[in-house]
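**Student:** Per the numbering used here, the very first residue in the sequence shown carries number 35; after that it's consecutive.
All residues carry an ideal CB built from backbone N, CA and C; glycine is no exception.
Because the structure is a prediction, the values reported are computed rather than measured.
Can you read through this structure? Questions will come right after.
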Amino acid sequence: MAATSVFVSGATGYIAQHVILQLIAKGYKVVGTVRSTEKGEDLKKKLKSDNFTYEIVKELGTVGAFDEALKAHPEVTVFLHTASPFHFNITDPEKDLLIPAVEGTKNALSAIATYGPQIKKMVVTSSYAAIAHYDVDTVSSNTFTEDSWNSVTWEKSKGNMFDGYYGSKTFAEKAAWDFVKENKPNFTLSVVNPVYVFGPQAFASDATGTLNTSAEVISSILKLKSDDEVPSDSGAFIDVRDAAEAHLVAFENKDAEGKRLLVSEARFTSQEILDIVNENFAEYVKGRIPVGVPGSGAEKIKTLAKIDNSKTRKIIGHDFIGLKKTVVDAIQQILDTNGSI
């Protein structure tokens, strides 16, 4: 039997590269979209697999963005839409985040409906941002689940980069569910909603320079000076390898059809990450980065909302990677690649 072909939009993304590695390891064929031939060739070289090919999609938000790529691959039966605009160089949240995210999702869905009648499964990478807005995530009496939705308005989302990011994830995901409800297509939809994604890069050679936005939380701690205040960052995390695996579970496991997978292992604080770094990499960081108040992170966590993702954990079927391993693996990779941290 021919191997199943999986289409992955945004193939060079942090999570997407791990998704592709896991797909290839399981014998799938992969068609990834990239923004240029250079990026496609670079990824092909890193993957060292004949089971990966790429198509160029320059702008997600352009009408018909995915049409040609899908027309060229009638063998594809699964579509993983991981591509979404997010970086800190935003000048106009509506133009740079909201519209491209929503239109990118709509373009993928309409391309499948028109040019991919053979596609049976669609998975969209959304975010915890579509579940809870940052202002309600810091209220300890709140509990968020797979059924929770961010109530942010389009108007508020236009206000600044952070509201724009939360809005872009919320409205893009809503567009996907609405499309399925209204058009009743041939494919089933599942959505993956990760929290902050930590952990190593898919390829060690990428463990240099600017990391992706989530991994920057760890990177910024390594850049602190010994007399700096410990940042008050906190949130929830998932290891990138678990976030990637959830995308495979989303189309392989029938229980995930029509569901949101809220992938979160636990809460974290900057202090906890600092404790792990100081404990495991003392010879490299002693006297160079702050110590803060070791062990005090747990108190801060009590002030945050609860996340109940028991439905997701049941579908995934095993424990997620803990904070210590995700931080140690990420930093060890930087150390191995650069000789220092």
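#1: Just reading off the beta strand (DSSP E) that Leu223 is part of, what are its end residues?
#2: Considering only residues of the same chain and omitting the five flanking positions on each side of Asp262, which have a CB-CB separation below 7 Å?
#3: Under the assumption that Gly198 contacts Val229 (Cβ atoms under 8 Å), give the Cβ distance between them as a whole number of angstroms.
#4: Check whether the segment 88-104 and the segment 163-172 touch, using three or more Cβ-Cβ pairs below 8 Å as the test.
#5: For the beta strand (DSSP E) that contains Ser268, what are its first and last residues?
#6: Quick test of the definition: if touching needs 3 or more C-beta pairs under 8 Å, does the segment 330-337 touch the segment 298-307?
#7: Roughly how far, in whole angstroms, is the beta-carbon of Val361 from the beta-carbon of Ile252, given that I think they are within contact range, below 8 Å?
#8: So, for Ala278: in the same chain, excluding its five sequence neighbours on each side, which residues have a beta-carbon less than 6 Å away from its beta-carbon?
#9: By the DSSP assignment, the beta strand (DSSP E) with Thr67 in it spans what residues?
#10: Is Val112 helix, strand or coil when you go by DSSP?
#11: Suppose the cutoff is 7 Å on Cβ atoms and the five residues either side in sequence are ignored; what does the same chain contact list for Phe31 look like?
#12: With DSSP run on the structure shown, which of helix, strand or coil describes Ala168?
#13: Closest by CA to Leu295, which one among His281, Leu308, Asn312, Gln305?
#14: Which one or two residues does DSSP pair with Ser39 in a beta bridge?
#15: For the segment 315-353, list the alpha helix (DSSP H) runs that are entirely contained and at least 4 residues long, ordered along the chain.
#16: Using a Cβ distance threshold of 8 Å, determine whether the segment 196-211 contacts the segment 121-141, with at least three qualifying pairs required.
#17: Since I believe Ala142 is in contact with Ser43 (beta carbons under 8 Å), could you give me their beta-carbon distance rounded to a whole number of angstroms?
#18: With three or more beta-carbon pairs closer than 8 Å as the criterion, would you say the segment 286-293 touches the segment 340-358?
#19: Which of the three DSSP states is assigned to Ala145 in this structure?
#20: If I measure Cβ to Cβ from Ser83 and keep anything under 7 Å in the same chain, skipping five residues before and after, which residues do I get?
**Tutor:** Let's see:
#1: Position 189 of the sequence shown, counted from the first residue, corresponds to residue 223. Looking at the DSSP string, the run of the beta strand (DSSP E) that includes Leu223 is 222-228.
#2: In the sequence shown, the residue the question calls residue 262 occupies position 228. Same-chain partners within the cutoff: Pro324.
#3: Along the sequence shown, read from residue 1 onward, the residue named residue 198 stands at position 164. Along the sequence shown, read from residue 1 onward, the residue named residue 229 stands at position 195. Incorrect: roughly 19 Å between the Cβ atoms, too far for contact.
#4: no
#5: Against the sequence shown, residue 268 aligns to sequence position 234. Start and end: 268-273.
#6: yes
#7: Locating residue 361 in the sequence shown gives position 327, counting from the first residue. Locating residue 252 in the sequence shown gives position 218, counting from the first residue. Confirmed, about 6 Å.
#8: As a position in the sequence shown, residue 278 is number 244, starting the count at 1. Here the set comprises Ile49, His52, Val53, Gln56.
#9: What you label residue 67 is simply residue 33 of the sequence shown in a count that begins at 1. Thr67 -> beta strand (DSSP E) spans 63-68.
#10: Stepping through the sequence shown from its first residue, residue 112 is reached at position 78. Val112 falls in the strand class under three-state DSSP.
#11: Since the first residue of the chain shown is 35 and the last is 375, residue 31 is not available in this structure.
#12: As a first step, residue 168 is located in the sequence shown; it is residue number 134 there, counting from the start. For the record, residue 168 in the displayed sequence is Tyr; it is not Ala. Coil, per DSSP.
#13: As a working note, residue 295 is residue 261 in the sequence shown. Nearest option by C-alpha distance: His281.
#14: As a position in the sequence shown, residue 39 is number 5, starting the count at 1. DSSP lists Lys63, Val110 as partners of Ser39.
#15: 316-319, 331-335, 344-350
#16: yes
#17: Counted from its first residue, the sequence shown places residue 43 at position 9. Counted from its first residue, the sequence shown places residue 142 at position 108. About 6 Å; that satisfies the 8 Å criterion.
#18: yes
#19: Within the sequence shown, the letter at position 111 stands for residue 145. Helix at Ala145.
#20: Residue mapping note: residue 83 aligns to position 49 of the sequence shown, counting from 1. Cβ neighbours of Ser83 beyond the five flanking positions: Ile58.
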